[in-house]
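Protein chains in written order, with our numbering: chain A, 4 to 459; chain B, 4 to 459; chain C, 4 to 459; chain D, 4 to 459.
Positions of the beta carbon are idealized from the N, C-alpha and C atoms, including for glycine.
Everything numeric in this text was worked out from a predicted model, so none of it was measured.
So the structure is just underneath, and the comments pick up after that.
Number of protein chains: 4
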Amino acid sequence: MPSLTFDRAFLTNLLSTLTDRGRDLLRGLTQSAAPRIADGELAELGQTLLSRRGEATGVALAQALLAGYEVATPEQRLAFLEALAEMFGPESEAIERAIETIRADGMTPAAVSALHDAAEPRRQELIRRLNLAPGGTAALVRMREELLGHVSEHPLLRAVDNDFVHLFVSWFNRGFLVLQRIDWTTPANILEKIIRYEAVHAIQNWDDLRSRLAPPDRRCYGFFHPRLVDEPLIFVEVALTKEIPAAIAPLLDPDRVPIDPQQATTAVFYSISNTQRGLNGISFGNFLIKQVVEDLKRELPNLTTFVTLSPVPGFAAWLARQRADEASPVLDPADKDVLSVLDQPGWTDDPATVDKIKPIMLAAAAFYFLEAKDKRGRVADPVARFHLGNGARLEKLDYLGDTSGKGLKQSYGLMVNYCYDLDDIESNHEAFVEKGIIAASTAVRKALRTRVAGAA
Amino acid sequence: MPSLTFDRAFLTNLLSTLTDRGRDLLRGLTQSAAPRIADGELAELGQTLLSRRGEATGVALAQALLAGYEVATPEQRLAFLEALAEMFGPESEAIERAIETIRADGMTPAAVSALHDAAEPRRQELIRRLNLAPGGTAALVRMREELLGHVSEHPLLRAVDNDFVHLFVSWFNRGFLVLQRIDWTTPANILEKIIRYEAVHAIQNWDDLRSRLAPPDRRCYGFFHPRLVDEPLIFVEVALTKEIPAAIAPLLDPDRVPIDPQQATTAVFYSISNTQRGLNGISFGNFLIKQVVEDLKRELPNLTTFVTLSPVPGFAAWLARQRADEASPVLDPADKDVLSVLDQPGWTDDPATVDKIKPIMLAAAAFYFLEAKDKRGRVADPVARFHLGNGARLEKLDYLGDTSGKGLKQSYGLMVNYCYDLDDIESNHEAFVEKGIIAASTAVRKALRTRVAGAA
Amino acid sequence: MPSLTFDRAFLTNLLSTLTDRGRDLLRGLTQSAAPRIADGELAELGQTLLSRRGEATGVALAQALLAGYEVATPEQRLAFLEALAEMFGPESEAIERAIETIRADGMTPAAVSALHDAAEPRRQELIRRLNLAPGGTAALVRMREELLGHVSEHPLLRAVDNDFVHLFVSWFNRGFLVLQRIDWTTPANILEKIIRYEAVHAIQNWDDLRSRLAPPDRRCYGFFHPRLVDEPLIFVEVALTKEIPAAIAPLLDPDRVPIDPQQATTAVFYSISNTQRGLNGISFGNFLIKQVVEDLKRELPNLTTFVTLSPVPGFAAWLARQRADEASPVLDPADKDVLSVLDQPGWTDDPATVDKIKPIMLAAAAFYFLEAKDKRGRVADPVARFHLGNGARLEKLDYLGDTSGKGLKQSYGLMVNYCYDLDDIESNHEAFVEKGIIAASTAVRKALRTRVAGAA
Amino acid sequence: MPSLTFDRAFLTNLLSTLTDRGRDLLRGLTQSAAPRIADGELAELGQTLLSRRGEATGVALAQALLAGYEVATPEQRLAFLEALAEMFGPESEAIERAIETIRADGMTPAAVSALHDAAEPRRQELIRRLNLAPGGTAALVRMREELLGHVSEHPLLRAVDNDFVHLFVSWFNRGFLVLQRIDWTTPANILEKIIRYEAVHAIQNWDDLRSRLAPPDRRCYGFFHPRLVDEPLIFVEVALTKEIPAAIAPLLDPDRVPIDPQQATTAVFYSISNTQRGLNGISFGNFLIKQVVEDLKRELPNLTTFVTLSPVPGFAAWLARQRADEASPVLDPADKDVLSVLDQPGWTDDPATVDKIKPIMLAAAAFYFLEAKDKRGRVADPVARFHLGNGARLEKLDYLGDTSGKGLKQSYGLMVNYCYDLDDIESNHEAFVEKGIIAASTAVRKALRTRVAGAA
């Protein structure tokens with residue numbers, strides 16, 4: 004079969020013949036051969052799609068455009084995304100006219116509505132129409148993933164991204180998400196995605212996965228969306244324990260002996276992973292954790308404590324800056340001297356060193372969480388921002404909680420527990436969002452105060 | 004338990020304590036007692052909901068507002084809808100500012116985006132947030148149903164309705180709809196809705212329903228939406244036959260002998276019903292019929308003909324006007340004379356009369372379908388508009404196809420068959436939508452020509 | 004299509020061509036035409052089936068025999084059942100040989116095994132092979148239902164029935180039964196069977212059914228079997244209440260206000276119905292009630308009391324005999340005098356009469372339950388035998404608990420509550436089964452003692 | 004918690020208190036501690052279980068016995084199995100009495116029935132009652148697996164095994180088996196069993212499994228049983244191809260390019276594995292293949308050829324015997340000379356050698372399949388017996404079809420294709436089972452004839 008050009012003839016033919024059965028044809032073409040599309044074809048298809056009123060033709064055209072995008076070269080794809088920015092923006096003349104009308108007649112509902120319509124970038128409607136194609140939602144999520152890779156070099160694409168976000172927020176609203184438990188009876192095609200997407204503590208292989216899903220004291224839950232049926236959008240891994248853990252290694256030990264879940268008092272959220280880069284910025288984690296807490300409470304009434312065991316991704320870099328900062332508010336020269344051993348590999352092997360560093364690091368960590376801000380004035384640590392923003396409380400600092408290479412590198416092994424207490428979650432959340440107040444346990448606050456006192 | 008005022012104290016309390024568990028509390032209140040809300044409370048809740056940034060509090064507030072709406076008096080509800088029109092429109096000052104910016108700096112992306120945001124009625128965001136409450140989508144569909152009842156007397160509400168439509172089109176887009184077969188193994192809670200919603204040929208009782216669903220030569224399909232799980236949004240009833248039927252009674256006869264579906268050549272869509280008045284104007288029927296045609300073809304390859312057996316709701320009224328119109332292009336005085344018997348009950352009982360009327364009525368019907376227009380210049384018959392707009396072809400006129408009281412009243416018993424031919428459906432649709440060309444069989448066209456010739 | 008004789012030619016043809024696709028052919032023949040079989044054909048098919056070693060041919064022959072049975076005349080069917088008794092019994096000669104071997108060599112395992120094989124009626128193997136046909140189990144259950152109708156007039160068939168029971172006990176053992184909740188979301192094809200099979204308090208129509216299944220304080224559960232998927236074998240209807248009920252009418256009142264199931268303390272089993280006459284004597288009720296009690300306790304921990312509200316089907320007849328018995332141990336002449344009003348319709352309308360009869364009837368009822376025996380020396384009341392045999396306790400006598408025509412006729416309105424207390428159920432059951440001890444509440448025992456004292 | 008003796012006190016307690024809730028207790032004991040049972044306890048439990056009439060107590064006792072068996076030592080288990088043989092056989096005295104009755108009164112139905120009952124080993128009823136425990140069926144299948152390991156050294160156990168087989172044939176009859184497709188969306192807990200149980204061409208790991216299940220031109224089907232829900236009893240792996248394959252390696256090649264299943268003409272059954280050693284001798288394969296053929300034909304009407312690609316496990320040993328046999332009917336001295344190279348590893352690497360051996364080996368193979376018999380006079384090859392017994396036809400000999408180590412060892416690389424042709428399957432099966440006639444293609448027969456001619 005000769006390679007195929009996605010040319011005008013094809014397009015014309017498509018328009019004249021595409022019934023729904025055309026899907027199969029179209030799919031066949033794109034799968035079994037090596038079709039090509041001409042430069043500019045995609046944008047042209049987009050224009051045609053926007054100009055048609057008929058729904059059925061619209062679906063066929065949407066399919067054709069998405070199929071064409073799939074087989075396009077990287078350059079053609081980028082060109083199409085740029086066309087979205089440049090050719091599918093708002094309609095200037097219509098805006099002008101609407102403004103004139105308002106100038107003339109005042110802000111009548113009709114005039115404002117016309118203004119609103121005119122100011123809406125035409126690509127929003129285009130994206131909506133593309134979404135009607137079978138598989139359209141998944142294709143658009145992938146398209147945005149690609150778009151995000153170009154934004155920093157092509158700032159014009161930022162506006163396109165805004166429109167994607169606007170629509171995705173609507174299509175992926177909480178009401179559409181379905182919580183499902185993921186365990187060892189879950190279909191393999193979903194489980195292989197858990198292996199692939201786990202972002203916090205990598206899953207080595209199927210045996211490792213099994214040891215996280217199959218034991219009676221382990222749980223995993225994910226949010227699914229009706230249009231992306233085989234894809235968990237986000238998932239959380241949970242360990243049921245008898246106390247708040249202080250380190251990750253014992254939780255992941257494949258040889259540990261499971262406990263009876265009826266005996267557990269504590270649910271530990273030790274890993275939360277988003278899976279779709281194309282859904283960046285559409286947040287699900289907040290809803291996920293709260294619903295899992297509620298479901299677990301129902302299933303296991305003996306559970307009284309819901310905590311995370313979380314990484315501290317920004318700590319090592321921040322501490323390095325403090326050590327280099329003569330005016331550090333948290334480290335004095337003596338501290339810095341002690342901490343200089345951190346630059347030597349293997350410092351964790353010497354118990355005396357480990358003991359000496361501990362109080363200094365914990366005090367610094369308390370400061371990092373309670374006082375440090377990033378350039379935009381926000382709480383410095385991104386994971387802390389997420390959990391505090393959800394209404395959790397900073398509960399405990401876990402010195403050397405993660406001594407893996409990654410753990411030592413990003414936080415000198417520091418981990419923390421955030422506690423989700425349903426009675427306080429709303430007020431914590433409000434206080435944090437509205438006033439920036441950080442909920443923290445007495446122990447954490449004391450680590451800060453002690454240190455400041457000691458430094459005095 | 005004393006009746007409860009949905010007052011500020013309650014609201015305050017709500018805001019400070021509402022976790023997700025609050026749902027249960029809230030549900031309890033609204034179900035088991037007779038809570039009341041104060042005048043203006045709903046709009047105030049709306050303002051609060053829009054002003055909050057926290058997602059979780061937002062869900063609780065959305066629940067509270069919808070629960071309050073549920074228990075409000077009819078007057079309070081209308082007042083809330085009017086508040087949506089008046090208090091939750093676009094922000095005039097922001098529009099002014101955006102226009103100023105454009106005047107000063109030109110149409111930069113940022114300026115146009117700000118303009119677009121400002122011109123969006125604030126109720127759109129409010130409705131989006133209400134949709135996040137559990138059961139929110141269903142509650143909003145009911146709210147719009149109520150809204151539609153007020154629009155003609157309160158024209159301001161038209162703008163509110165536009166926003167509902169804008170959002171519903173997005174939430175109920177084709178991609179979210181799930182086709183499901185409905186048969187005698189379908190859960191009873193869904194079947195009772197089929198009984199309730201059947202709009203074309205009323206279902207008398209469960210035995211009648213059984214006779215439409217259980218026989219091997221009957222099918223029924225509906226579209227379902229993930230957020231309205233027990234509600235078919237639209238459904239179609241299908242009879243499998245050996246020829247194109249000319250009347251409805253034999254299809255519904257409870258004593259008929261079913262045929263083997265493998266022997267059937269024809270699928271007859273004899274009833275299509277939308278179920279949610281609150282989704283008026285969001286069209287699903289087009290997609291439904293086409294997908295059912297495809298599914299049936301796959302299941303029963305022997306099926307070659309897909310037709311409707313449809314009512315002609317506007318025909319009797321139109322014919323009455325023709326009879327009264329001296330300049331009628333379709334009826335001459337002799338015709339009118341013959342037709343005068345139509346005013347007498349029981350005219351269908353006399354075979355001679357029936358025979359005499361037939362050619363005149365069929366010729367008038369051909370004219371009605373092919374030439375008559377409504378005030379807006381559209382094809383006169385609403386059912387014809389639907390099927391022709393879907394790409395169907397007007398296939399056959401069925402004289403006295405429905406001699407029930409309802410049938411005689413709306414169309415003097417006339418029914419028609421529209422034919423769905425997958426090979427022509429796209430081109431018919433395009434021709435109809437873009438140029439107003441009506442696809443009709445030779446037989447129907449001939450009925451028109453013959454008559455015109457005869458009249459000459 | 005000419006009517007078809009199920010003759011030898013057909014049979015021969017069948018044997019030579021029947022692959023699994025033959026099923027369709029066969030099904031077609033038996034459904035769409037009016038095939039006949041010759042006298043003796045069924046028994047002959049049975050012989051052939053037993054003589055074949057091939058599994059696949061066996062399935063086809065089993066299908067043919069069952070299909071033939073389906074279309075046979077009543078006389079042919081009876082003749083086949085009699086053939087089962089006479090021609091498919093044990094093999095006498097083989098028994099003789101086996102006995103000879105034992106006489107010669109003693110009871111070696113091989114000899115005893117040969118004896119066992121020889122003594123097994125050949126119809127057992129025949130029934131096992133019939134069971135391999137698609138739909139075989141259902142067909143055999145129907146066959147036994149028919150068989151039971153003939154047993155009293157054809158005592159030879161008793162042996163055939165024994166073999167059916169032997170096999171059914173194995174195929175329908177508890178391990179295969181699946182408990183499923185039946186509610187208003189259950190498929191209609193199953194619900195219509197609930198209407199049809201309800202044996203205790205007839206269900207009038209779908210509205211009545213709905214009022215028993217849909218309210219939040221109602222439950223229904225049934226046992227299903229993997230080979231009879233659409234048929235509940237037995238089901239129980241449950242009302243959730245705040246106290247032990249004393250009458251059936253309030254439970255079935257369509258206008259009653261449901262209670263919140265979380266508020267209920269008591270689960271009332273007010274109707275238990277077996278559905279398959281062909282499974283008579285294979286008992287499921289015991290397991291059903293106990294599993295439902297366990298499931299309800301898990302779902303609603305607030306439930307503390309599990310009782311029935313049961314009819315007393317043998318009471319009226321027994322009381323009539325006591326009234327006629329001069330030596331009645333429970334009624335003295337004065338009692339009989341009072342009770343004479345029972346013969347007059349409408350006695351329940353006069354409050355004074357009702358009051359006067361009450362103590363006499365309750366004392367008689369206590370005697371009936373605690374002392375009366377049937378001819379085989381068993382507890383007289385069949386429903387009592389069932390529940391006491393299950394380990395329940397006779398809890399309360401409900402005077403005029405069922406004033407429907409049926410209730411008055413069978414028990415002068417008397418109902419009773421049996422209590423299922425999981426802590427006592429095993430010991431009650433053992434005591435009843437092994438020693439005939441009846442578990443009864445103090446109140447019931449007192450009704451007996453009081454009366455005896457009063458009579459002295 | 005101290006280790007626990009499963010002693011009389013426990014047993015007594017069990018009997019007096021075991022309600023269904025006792026299950027949990029019991030399960031808890033056996034899982035979380037290290038309970039022990041006394042010698043002889045199991046047999047005693049068995050006696051008690053048989054002596055009880057109560058169903059509920061029976062279930063509890065059955066659970067106790069199976070739980071006790073689970074924790075027993077290997078010696079105790081064997082002792083229990085031997086007790087089944089010795090203490091739970093038929094009742095000699097009852098047999099004597101029954102024989103006496105027959106001698107006296109002749110073979111009345113009652114007498115024969117009593118004889119049958121007496122001759123039935125009591126362990127049959129014991130096993131039936133054990134089957135009522137939750138998980139009983141699975142436990143009994145494991146028990147028989149263990150039993151099979153002892154039979155050769157303890158011939159008395161053969162009788163126990165016969166009873167297991169008798170009951171398993173009934174419980175695992177075709178009617179209860181459910182065919183399910185196994186693919187990459189199947190739950191992982193089932194897939195890991197596919198990996199473990201694959202007996203023909205070992206599955207290396209999850210990637211290998213994926214390459215057999217996920218591609219569009221691969222299928223896998225298994226039979227499941229309602230009481231062993233997570234266990235496929237048998238499964239078959241299928242490749243869809245465009246021709247009958249001659250070697251296994253290309254089918255399993257992970258890098259092969261899948262074909263469109265709509266293009267396939269041939270379904271190749273390349274692996275069939277039984278999974279439960281405890282179900283040895285209960286045959287499912289026959290039904291499985293035929294049902295899969297039917298299902299595939301329905302799904303993919305373009306499939307016209309259904310063949311296996313099968314190993315020849317007995318060929319190498321048989322050929323070795325022929326080479327050593329001076330009177331071999333199939334190898335003459337020259338042949339033997341050529342074949343002597345087979346003893347040298349790597350003979351397949353030399354094309355000339357490979358060519359020279361081919362005609363000799365194929366002729367020998369034709370003889371092996373068509374003429375060779377085992378000691379019991381059956382077709383020599385066990386795989387051939389299975390497929391020919393199912394009605395398949397020996398279609399093609401595949402020289403060097405499997406050059407893996409295992410393939411070379413068991414058959415010098417020879418594989419064969421058996422063809423399942425639905426039109427001939429019944430008659431082939433009958434001819435083979437009743438008369439020993441082997442269905443073989445002309446090509447295979449010709450390989451035999453040619454050689455014989457050549458040898459002459």
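Nearest by alpha-carbon distance to residue 303(D): which of 332(D), 243(D), 254(D) is it? 243(D)
Could you tell me the alpha carbon to alpha carbon distance between residue 211(B) and residue 257(B), rounded to whole angstroms? 7 Å
Residue 419(B) and residue 400(B) closer than 8 Å at C-beta: yes
Spell out whether any CB of chain C is found under 8 Å from the CB atom of residue 188(B). yes
When you compare only the Cα positions, how much space is there between residue 104(C) and residue 114(C)? 7 Å
Any beta carbon from chain A within less than 8 Å of residue 418(B)'s own beta carbon? no
Between residue 423(C) and residue 290(C), how many whole angstroms is the CB-CB distance? I'm expecting something under 8 Å. Not quite, the Cβ-Cβ distance comes to about 13 Å (not below 8 Å), so this is no contact.
Can you list the residues of chain D that residue 192(A) reaches, using a CB-CB cut of under 7 Å? 187, 188
For residue 118(C), decide whether its Cβ has a neighbour in chain D, counting only Cβ atoms nearer than 8 Å. yes
To the nearest angstrom, report how far apart residue 2(D) and residue 136(C) are at their CA atoms. Past the boundaries of the shown model lies residue 2(D); chain D is included only from 4 to 459, so the question cannot be answered.
Please go through the region 279-352 of chain D and give each complete alpha helix (DSSP H) segment of 4 or more residues, from N-terminal end onward. 288-302, 318-327, 336-342
Under 8 Å, with one C-beta from each stretch per pair, do the region 402-415 of chain A and the region 432-451 of chain A reach the 3-pair mark? no
Chain A partners of residue 209(D), CB-CB under 7 Å? 209
Looking at the strands, I want to know which residues DSSP matches up with residue 430(D). Paired residue(s): none; residue 430(D) is not in a bridge.
Less than 8 Å between CB atoms is the rule here; does residue 60(B) satisfy it with respect to chain A? yes
Between residue 203(B) and chain A, is there a C-beta pair that is closer than 8 Å? no
Evaluate residue 61(B) with the Cβ neighbour count: other Cβ atoms within 10 Å of its Cβ, from every protein chain shown; 16 or more gives buried, anything less gives exposed. buried
Per DSSP, what are the beta-bridge partners of residue 269(C) in this structure? 244(C), 308(C)
So what does DSSP say about residue 134(C), is it helix, strand or coil? coil
Determine, using beta carbons only, whether residue 228(A) and residue 122(B) come nearer to each other than 8 Å. no
Return helix, strand or coil for residue 218(C), following the three-state DSSP convention. coil
Go ahead and label residue 433(C) buried or exposed: buried means 16 or more other beta carbons lie within 10 angstroms of its beta carbon, across all protein chains shown. buried
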